[in-house]
Structure formats: structure tokens, C-alpha cells
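There are 4 protein chains.
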Amino acid sequence: MVVVMAPGATEADIRAVVSLVETAGGDAFVSRGVERTIVGLVGDVQQFGSLNLRGMRGVTDVVRISAPYKLVSRENHAERSVVRVGGVPIGPGTMTLIAGPCAVETPEQTLQAAQMAQAAGATLLRGGAFKPRSSPYAFQGLGEAGLRILADVREETGLPVVTEVVDAHDVELVASYADMLQIGTRNAQNFALLQAAGEAGRPVLLKRGMSGTIEEWLMAAEYVAQRGNLDIVLCERGIRTFEKATRNTLDVAAVPVAQRLSHLPVIVDPSHSGGSRDLVLPLTRAGIAVGADGVIIDVHPHPETALCDGPQALVDGDLRELARLVRDLPPLVGRRLTVAEGDAAPVPV
Amino acid sequence: MVVVMAPGATEADIRAVVSLVETAGGDAFVSRGVERTIVGLVGDVQQFGSLNLRGMRGVTDVVRISAPYKLVSRENHAERSVVRVGGVPIGPGTMTLIAGPCAVETPEQTLQAAQMAQAAGATLLRGGAFKPRSSPYAFQGLGEAGLRILADVREETGLPVVTEVVDAHDVELVASYADMLQIGTRNAQNFALLQAAGEAGRPVLLKRGMSGTIEEWLMAAEYVAQRGNLDIVLCERGIRTFEKATRNTLDVAAVPVAQRLSHLPVIVDPSHSGGSRDLVLPLTRAGIAVGADGVIIDVHPHPETALCDGPQALVDGDLRELARLVRDLPPLVGRRLTVAEGDAAPVPV
Amino acid sequence: MVVVMAPGATEADIRAVVSLVETAGGDAFVSRGVERTIVGLVGDVQQFGSLNLRGMRGVTDVVRISAPYKLVSRENHAERSVVRVGGVPIGPGTMTLIAGPCAVETPEQTLQAAQMAQAAGATLLRGGAFKPRSSPYAFQGLGEAGLRILADVREETGLPVVTEVVDAHDVELVASYADMLQIGTRNAQNFALLQAAGEAGRPVLLKRGMSGTIEEWLMAAEYVAQRGNLDIVLCERGIRTFEKATRNTLDVAAVPVAQRLSHLPVIVDPSHSGGSRDLVLPLTRAGIAVGADGVIIDVHPHPETALCDGPQALVDGDLRELARLVRDLPPLVGRRLTVAEGDAAPVPV
Amino acid sequence: MVVVMAPGATEADIRAVVSLVETAGGDAFVSRGVERTIVGLVGDVQQFGSLNLRGMRGVTDVVRISAPYKLVSRENHAERSVVRVGGVPIGPGTMTLIAGPCAVETPEQTLQAAQMAQAAGATLLRGGAFKPRSSPYAFQGLGEAGLRILADVREETGLPVVTEVVDAHDVELVASYADMLQIGTRNAQNFALLQAAGEAGRPVLLKRGMSGTIEEWLMAAEYVAQRGNLDIVLCERGIRTFEKATRNTLDVAAVPVAQRLSHLPVIVDPSHSGGSRDLVLPLTRAGIAVGADGVIIDVHPHPETALCDGPQALVDGDLRELARLVRDLPPLVGRRLTVAEGDAAPVPV
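Residue numbers (our numbering), protein chains in the order written: chain A, 1 to 349; chain B, 350 to 698; chain C, 699 to 1047; chain D, 1048 to 1396.
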């Protein structure tokens, strides 16, 4: 950290800062400039976090220099990680397609959606049994009955299951059915849930908060990691901006930035960011091209009667085009579409 | 709702929309314009929510006309509500000061902060025992030990207690100590928590999500209300914008807007919005002047060693100025500072 | 400035930074930490601005420490300035009301609006002859004919005139009629216009860009100041956020922040921020209470037929309430309503 | 437009709306619902724009249904346009690379950058002679001397020139040297400049305002088009959000959205959105993959001493990779890299 002193700060003000830092077990280097003096702090950033340096007399600003996350940082873990979900890898060299219905409604609908997904090249099945909805009057999901349907469809198709958990006390239940726990954008700072997911023994798909900075997203991952689980996949799903022509603004640059700051895999969600069917394929192409380790996409056999987010689900011809692009686009960025376990080796990066 | 047809929509497209609406039990009125046709939907908006009108052929847009919240709406409840917390009213005619430490640290610190708050005119004590922190390495609160301290300080000072709950399964515990449950900005869409709070038999202080629209805030209140609890106080605490000179941007206009849309009381949090001590009093004045039903403010006997948000806690001379302004400013907007139970009647609005 | 080196930066990388800074005539202090090294730069920040420090090997970040503006900064000009417009002061100790029609339409409408404004306590008349409109199909203003009407109304009422200029090459013309030049939010980074206004010999009312940071706003003022004109009044008029219930989000905290960073007066525009009539008085109260040096408000004798922004113009009873609050509220914040030249002395701050 | 009446609106209120619309020459259709009544307006939207419907008694909301832009809309011009710049096409079927230095500094630097650009596949040269800079102390460009350098380099390389104009009164001068006029993000609502550019007889490259909605961007294009110039290319260059890890947030979804709403070509600027060299290639890939009609990229022979935006300029190996991706990626989205005039035919879409 760097403490910036005000132009009129006195020697006593500067000494007070140095003294407080040293008392906390750190070292402080004073650089006196023509206009102002700065104090560089050396030591463990956690030591200084609880000091109220900003409130001291003569202090103008306190600038954090090093990242506040450790376990998920790439600084101490230079190689990018591969996370395996039911045997399916997500990480460098591959591009993994996760697809399925936004919400599990019936066994038939879920199976059909899974088969559509598989035909398009998906190796993981998504599907929601617990749905966080802005309105208490909207469909909230089937709960455990939905989890059972997902497990049956996994049996039928062989696709490992990714599904959302919305409350810390459901984590054990959901983990008993699912291969990967999804934590949604509205729970990106639900720390009790993050910690529970960190102890569940399942890989976690962690969506970025809709107004979360990349740093906050990595801090949320740090909450999971701190409980002993480093099998975390980050998912960029669009952020909230002033633009209303799309549901959210897909921040594609977040993919390379997060991959530079963290060793964790990063995927994108083109369905929930754009919020309309005609944007899903363009945003999927953008996500793959920018270098995402995977994409997660809504498909539905009958979008017009879907109970959740029907307007953005892919169907029919869209899926043939999806199949084509997840096959042809990844090689241009040094990747290969992930196929079912053991079928092919990833391209080396 | 209004369905807007594309310029090239055919009669068959229009008939399909009308037919779907009628099947769902509604009525549809078709208005044919020179350039385009619109279809007005009449009936219960809940009926239409699950129809995928937007995905139908020839449909350009679907515009919602009526508010999606009912119980908290002012449309069916014209008079503004008063919520009582341990006998202290929050609502029209009064201006209630809630103050106390950001986090409960020790019995002494909490008692001192409570006495400072009371001397400044506060009739409710705030203080956090469960703290949601962006970093897993930051102080997370004392938990139940903190709740006990708050209860002791209530005993000593007579101030009813407002404290945060961060997980659905702590609601019962927190409610057994607190007079009012606070739900923080990071949990503004933690629906399991909102529902649990709705069943706890305590008034709820509901902070706006840091990127939540006013409508989403009212929908969150609707989640609480739907479980039978209408004793909800809304709290504007600043929203996330591109401006970085302040921690958040206090959206003062949200106060009159929310008061027009909902019958619930609306207060402001000048401490967490500005994020620095020198902004707390100016923002408190702005909040009272804009017409808030109360303000909630951090005070701390020793901000320089506070474990949480020290830089924004008021101390010493700030508190005398706070006492002056909560006494002098409310009468200019037709209000009177709330005093301890039975001491004075509110000014009629 | 502080240059933050990457954890793996070599001694040669550090020496290269130091050497580049010294070549540019500055001094560099190296602080070696356990995890990383920082280099503090001492000297004139303008020297370093053109160095590509961020692009050097081993450099992680470059953090600017001192403000990039000089002439408008409070660092070298501790006392807050008073700007006089046709003899009317704007600055500490007073609260100046500027009011009038959004657009000048006819001599009668302008005169009536001016008289309404004056009756409410205004000492300056606002009114637009050149209107920047998002749509080329909207009313663009009367141009010079509008300026003549404003001059006639000034003659009749004695109110000095504030009016907008939208193009550098109209500055001379507008300055020949107006007492103060307004630069609108859409031109907040129209540098040619800012420079021309800096040379026009008239005070300037500078609105904040709708997505401009406080720093960018002060940099825009620096453009005016650099051409020799320090008679600048800053105007907060709402920023663009995700919230759509209001036209813009009035950032009241920007007032004390800008007053701390700059010696220039700061006023607020409650009409254009809220965008609806029922928000104008609440936001005016908030603006005065937060400590603004003035407010600028739209009034119109017949809002229902106004050619521009009618929905937000005050009329009738609103104006009596406005008169009351601009008289009663300022004393609570140590100010007095500005009255016509020589009529009263401001309250000392 | 649709006028939404309040639940308590009377028949007289409804009749007043209908009557006002009819007086303005339109037709109004009344749809009476259980809870509220809506009035659909039929006729030319321009007629209704100046009516203060929102201010009438009993009116809750006025919802605009059709687009406010006409000439640039795709509704009346279904086929996507091709804009030719000095013979080089930008539009469907091709992907045009525009590259060059951010600022023209010297003849040598400009020529070298142009040759680097050409080697990478660029068919148009970018380069700034007039630079809009946030700070008055930053390099403002060489002005006409810079234009002459660009003209010389065009002579030498055959690359037509795209360059920015920042003031309406420089348009004629810039147009006398340039093949295409660029209007930057800070001038996206400088209407005098837009109109002057519409009369200059040169194609216009129109950047989106950094906080401009897609609709405002199209309205800015409408300003140009209204003066008789439909040779407009839209450029998405990143928008301002809360995220600070990147300079701006590249809104890739804006490309397909703008292409759906307008017939104009849409390109992206990966250099100014990300703001750092390591993001330029990933964002270029995303831009091409999402379906942009072109990309515009900063290159510089010596980024470490560049006078403007050096940190984001491509150099050396980056350029070889750029050459590879602009060749290999477009065919996957049904396009072909634009080559010098007459060299190849575009792929049909």
C-alpha cells in the first residue's frame, strides 16, 4: 500500500503514519517530493487492512498496490488451472460447451433439451431446479423434484449436471445430485453460500455479480477457495450498464483480464447477457474468439412455452449453427471443442 | 401490457397474439396504426408473465404498463405507512435518527457509541454482529456474542436495536435479540433471506441493492410482504456508478420516487453512500431535506481503531453538529425529530 | 506518481524506470518491499505525463497521486471563490437562485417566466436560445432572435442573463448579449468550445458531463481557466446510471467533493436531473441542504405547451413553495438567499 | 406512442388526451382495462413529440413505440449499406481493417506506422492531427501540418486516410485532406459538428458516445444523414461502466443490435476500448467474430515514446498475429478481409 500525504502534512503527521505501520509489524518508506510526500508500506497487506490510515491527519489517500486475493491469484500460481466436472475438463486448450434448459420443467422437456445440447456438442448439461426470480410471483423452480429429473437425464445421456444453488442450507442437497454447483449473479456476494459451496466437495461455477468488479468476482472466488475448494470456474454473464437495448452488457474483455489475474478457467454466458435469441450466437462467437474456456447456453425444445427466459433459448436451426461454430471457431484460438471423456486430446496452448 | 407488432407483421401474426392472450384468460384490444399495430392486454398481469409473447412471430416489443408489485404499492394503499420499531415510529411527520457503530466490537465501544448516538438525538441503535465483507480476510463480526452485547446496551440505554442478518438460517437467532432485522445491499436479491425475514415477526430494514433499480427494490420488499410482514422500511444507501470519488452515489431522488410508488417509509444511509466522514453531514442534510423518513448513521468512539468502516464514522464535534441539524432541519420539511416513546406528537403533514 | 513494479521485475527493469524518470528531469525513490517494489516519482506531473511508464518491462501499474488540474484546484487557492454575474454573487455565504424557461419561445413567454422567477427570489435569468437536442427533428431554439428577447427581458426586469452556447464560433455572438455563458452537459468535453469560452470575457456556467467524473469536470474547467478566465461556476446536473425511474441521478455528494477539490462555486440543477416536476422541489431542497452555492431551475408560464422540457417546468403553487424554501433553508447551512445587488450582505461562513 | 392512464383517471381525463391528439392531427384508440386504460396514438410521431402528454391530468406514463430515427433506420431500408472510402468498401460480406498511429507525430513515424498497418492487411490508414484530450496540458495534435503528413503518406502507400475532426469550423479543412472524417466519442452529441460533417461530401466514421445509448448513437447518425450524407460508418469503441480494470467496456452486442436497427455498417475499436496492448488482439477477435464490418486499430513503430495512447499501440509480433487473424477469422462469419480496390470480390452473405 501507498499512503499519500496532503501537501500541508507536517513531519509529525508523517511520523504518526510510519509509527502506526511499524506498530502493526510492517515497514514504511518515506519518499519526500516537491509537492507532497508518499509513504510506501511493505509487509503483509492483511496487517494493514484494519488500520484506519485514511482517517489519519495529513493523509489524502491510501492506494492499494497488491491484489487482495491470494489463492485464486495467478501471481503465485502461474499455470492456468483445468477444472474437471464429472471427468469433463474446463480450461486452457479446450473449449467446453455447457447447455440445457434455463429451468427444469418436466422430464420430457429436460431430456429433449439435453439431447439437443448433446447434438450441438455439449459435454455438460445445465438446468435449474432452484430459480432465483426478481418477482415472488414468478416460477421458482421444482426444487428437489427438479434435481431428480436432472439425475435421470444424466443417466440417460451421460452428461454431467451443472445446477444452481441459492441458499447455503441447500448446498448439501444439491451437491448430492449435481456434478457442479452454480452460484448465480444475485448471490455473488452471498458469503454464507460461497463458504458452504467451498466445503461441498463439488466444483463451483461462479457467475460474476451483475454490478461486480472483476476484483470483487475474484474475492468471491477467494471465499470458496479459502474453504479448501480450488475447483472454481468463473463465468462472465454480462454487467449492468445504462444501455437498455440488451438485458446486460457482455464484458468480453473480462475474460482475458480475469485469465491474466487468476489461474481459474473463465467461461461466458451468451444467453443471459444478451437476453434475446438473436444475440446468442453472435455473443457465443465473441466469447469463444476472445478466448473463453467455455460457453454456457440455454436451449429449450419449446421456447414459446418455457417457464423461464424462453425468449433467449436456442431451438432448431440455431442449434445446427451452434454445432458448426463450436467446432470451427476454437481451433482459430488454439483450442479444440471438449468432447466426451477420453475421445480426444486438447490442443496444446 | 402492450404488445408492439413489427411494421411487417401479418394479420395472422396479430391473430396469434390475440388468441394466446385469450387462451390465458385475458382480453386483447388491437389498435391498428399507419406504421404499426399495437395490442393492449387487459387482465391480471400475472397471467401474462409466463407467456412468451416477445418470442412470437411479428412481435417487436412487449411493454409492461402496471407495476409488478402489489402489496407494497401505493396504488392500493394510498396512505403512507408508519412502521414501529420497539415503539419508535418511522414514517410521515417524523424524522427518525438511527445511529451506532458499524460493527459491534466490545461492550464498552458499543455502549459508548450508543450513548453518543442518543446524545445526538437517536432513538434507535444500529450495530452489526454479522458483517458481510468483500474479503474473507476482513473482520466478519462477533456473531451471537455481538447480539448479546447489543441486547445489554439496549437494556442500559433503552434504545431498540437494529442489526443485520446475512443468512436465512440465522433469522430466528437474530430476531430473538433484535427489534428490527436489517437486510444489506449485497443480499438485496437473496430471496431465501427475504422470505425468512418475512416470517420472523420483526420489522425489516431493507437496503437497496447497490445496482438495484427502484423497481427491484420494491420487488424485494414484495418478497418480504408476501410472507405476511408489511413492517418494512426501505433504505437508500447509494448506488454503484462510474464515479469513484465517492464509495457510492447517494440517489436522493430515490426517496420521493419510492415514496410515490410505495406506501412504505424510506430512509437514507449517508455513512455508507459517501464512505468518508466529511460527506456524512452534508449527505444527512440532503437526505432530510429531500424528505426521508429517517437517517441511519455510523458513530464510533474511536474511529481510528474501528474494525469496520472507521473512515466514515462520526465522532466528537461532528455529533454536536448532527444533533443540531436533526433538530432544526426536519421542521422545514413538515417533520419533527422522533423522540423517545410518548414524548412528543409528530407534526401533521 | 507511483510506479508499481511486478513481483518478478528485475533490478534492470527498476533501473530503467528510474533512468527514464531522471532523463525527463524528475527524481525517483525506490521502495523495495517483500512482494514488490514501488518507485515514487517526484517532480512536475506534466513532465511524466508523456512517458509511457505503463508500457515498460516489469511495470504493473502507474498510479497518479496529485491532481492533474492546477488553476482550478483548491490546493493552491485555499479560499473559495465568488463569481459575479452582472453584479450578482455566486459563492460561499450566499445561495443564488437562477431561474427561467428552458427555451426562449416568445417575448411574452420569456417575460412571464422571468417575472415568475423573480417573484420566487431569482436574481439571474436562465433561458436557451441555442438548444442542443438529441433529435434533429426537435425544436432547436430561436438563435439570435432568442438572444434579443433575453436582452429585452433583462432590460425590463433587471435580471442578468445566463444562456447556453453550443458552438465555438457562436461564443462571440452569445457573449455580446449574455451576462454568463452556459456550457451544457453534451459539450462538457468540446474542448474548442471550452477554450473559446475562456477567451470571451464572460463568466462561464459549466455543467458536468452526464457521464463525466468529477475529475473530468474539473479538467474541463481547467481548459476554460487556462485561457485566462477563472470566473467559472460548476453545475451538477445529474449523471447517467442504470436507474431509469429518473432522467438522471442527481449526484449531491459531488457538491461537497468539488468544493473540497476546487475553489470554484458549485450549483445544482434540480430540473434536468430529475426530469419531472414533482422531483424539482425535493431535489432543490437536497441541493441547498448539501451546501450548493446556488440552484438553477426551469419555470414556464404554460408548461403544457412548452417547446422544450415542459414536463419539468415549475408553475403556480410550486413557485410559491420554491420562494419559501429558498428563503428558509439557506440560513440552516450558514447562507442567505442572494438578493439584488446591494440589498443585503451575505452571512459569513 | 401509447399513453398509459392512472388507475384513477376519469373519463374527462381520457377525453382530454384523445382530444389533444386529434387536434394535433393524429388518431387515438382507447383500450379500457380492468385496472387501467391505455390510449394508443396513431400518426406521425413527430406530431406528438411536442405535446406534453406526460404532464396531463390522469396520465401515468407515455411509452414511445417506434424509433425516433428514420433515414438511418433499417425499417425503411432493409438491405445493409456498403460505404466506400477512397474506393475501399465497408459493409456486409467484407471485414475492413483500418489501422495507423493514434496521433500523427512526424512524417517518419506516420509512414512507418502506415507500412506496418498495410503489412497487417489494412486498406485504410487512421491517424489523428486534431486530438481531443481530457487535459489541456496534453499533446493536442499537429493540426494542418499533421493533415499534410497524412496526405503524403497516402501518396506513398496508396492508403486512403481516416482522420478526426473536433470542431465544426475545421470540417472543410479536414475534408480537403481526408478521405473519411472521424467524429470522436466526446463529440457524439456535438450537433453543430455532426451537421457540418453531413455537408462535407466525405464519408463519416461516427464513434458511439462513451455513455451514449445505441438509440442516441443512431440519432447522432440521423443528424449527419439529415444533411444529405448517408455514407456513415458506426464505430463501437467501448462504453463507460463501473468496471475500472479496463479503460472502457467494449459492448460487442451493440454490433448486431445496431446492424438490426440500422442499415449502416458497424465497426469496432479494440484499441481505445481495452486501453492496453494485451487486450487489443482478444478484442479484435471478439469484434470480428460478433460480426463487425471492420476494426480500427492503433499501431505505432515506437509505442514507448508515443505522444498519445502509446500503451495500447500494437507493434512487432502483435502485428503478425493481427495479420493472421484478420485473414483467418472473417471467413468463419461469412466475410472476407477487404483488400485493395479491385483485388477481390466479397463473399456474398
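Where is the CB? At the ideal position from N, CA and C, for every residue including glycine.
Within the region 168-222 of chain A, the alpha helix (DSSP H) runs of at least 4 residues that lie entirely inside it are, in chain order, 171-177 and 191-198. Residue contact with chain D for S525 of chain B: absent (no Cβ-Cβ distance below 7 angstroms to any residue of chain D).
F29 of chain A has A:G40 as its beta-bridge partners, per DSSP. Contact between the region 561-581 of chain B and the region 409-426 of chain B is established, with three or more Cβ pairs separated by less than 8 angstroms.
Taken in chain order, the whole beta strand (DSSP E) runs of length 3 or more contained in the region 221-307 of chain A are 232-236, 266-268 and 294-298. For the pair D1316 of chain D and C1355 of chain D, the CB atoms are not nearer than the 7 angstroms cut-off. With a threshold of 7 angstroms between beta carbons, R673 of chain B makes no contact with chain C. Rounded to the nearest whole angstrom, the C-alpha separation of H651 of chain B and Y69 of chain A is 29 angstroms. By the Cβ neighbour-count rule, S525 of chain B is exposed, with fewer than 16 other Cβ atoms within 10 Å of its own.
Bridge partners of R782 of chain C according to DSSP: C:P787. Only exposed fits E156 of chain A, as fewer than 16 other CB atoms lie within 10 angstroms of its CB. In the structure shown, S1182 of chain D falls within a coil segment according to DSSP collapsed to helix, strand and coil. Leaving aside the five residues that flank Q115 of chain A on each side, the residues in its chain whose CB is nearer than 7 angstroms to its CB run, in chain order, T157. Using a Cβ-Cβ distance cut-off of 8 angstroms, the region 436-451 of chain B and the region 178-188 of chain A are not in contact, since fewer than three pairs of beta carbons, one from each stretch, lie closer than that value.
At a cut-off of 7 angstroms, the C-beta of F889 of chain C has a neighbouring C-beta in chain D. N248 of chain A is outside the set of residues whose beta carbon lies under 7 angstroms from a beta carbon in chain B. M754 of chain C: not part of any alpha helix (DSSP H); DSSP gives it neither H nor E.
For R1173 of chain D, no alpha helix (DSSP H) segment is defined; the enclosing uninterrupted segment is the beta strand (DSSP E) at L1171 to R1173. Taking 7 angstroms as the cut-off, the beta carbon of V1151 of chain D is found no closer than this to the beta carbon of V1110 of chain D. Between the alpha carbons of T163 of chain A and G706 of chain C lies a distance of about 40 angstroms. For S832 of chain C, the closest alpha carbon among the candidates D:V1106, D:P1139 and D:I1261 is that of D:I1261. Contact between P160 of chain A and V85 of chain A holds, with the beta-carbon distance rounding to 5 angstroms and staying under 8 angstroms.
Interface criterion not met: the Cβ of G1073 of chain D is under 7 angstroms from no Cβ in chain B.
Note that the region 666-686 of chain B touches the region 630-641 of chain B; at least 3 beta-carbon pairs, one per stretch, sit closer than 8 angstroms.
Contacts between V864 of chain C and chain D, judged by CB atoms closer than 9 angstroms, involve N1237, F1238 and A1239 in chain order. The C-beta distance from S729 of chain C to H961 of chain C rounds to 33 angstroms, too long to fall under 8 angstroms, and the pair is not in contact.
V1315 of chain D has a beta carbon lying at 7 angstroms or more from every beta carbon in chain A. Our two residues, G1008 of chain C and Q816 of chain C, have alpha carbons roughly 19 angstroms apart in a direct line. Around the Cβ of K207 of chain A, a 10 Å sphere holds 16 or more other Cβ atoms; the residue is buried.
For I1145 of chain D, the enclosing beta strand (DSSP E) stretches over residues T1141 to G1147.
T10 of chain A and A603 of chain B have their C-alpha atoms roughly 42 angstroms apart. For T512 of chain B, there is no enclosing alpha helix (DSSP H); the enclosing beta strand (DSSP E) has its first and last residue at V510 to E513. Under DSSP, S422 of chain B shares a beta bridge with B:S611. Below the 9 angstroms Cβ cutoff, chain C contributes no neighbours of T1170 of chain D, its closest Cβ being approximately 28 angstroms away.
Only residues of its own chain outside the window of five on either side were considered, and among them V1049 and F1076 have a CB closer than 6 angstroms to the CB of G1087 of chain D, listed in chain order. Not a single CB atom of chain A sits nearer than 7 angstroms to the CB of D1345 of chain D.
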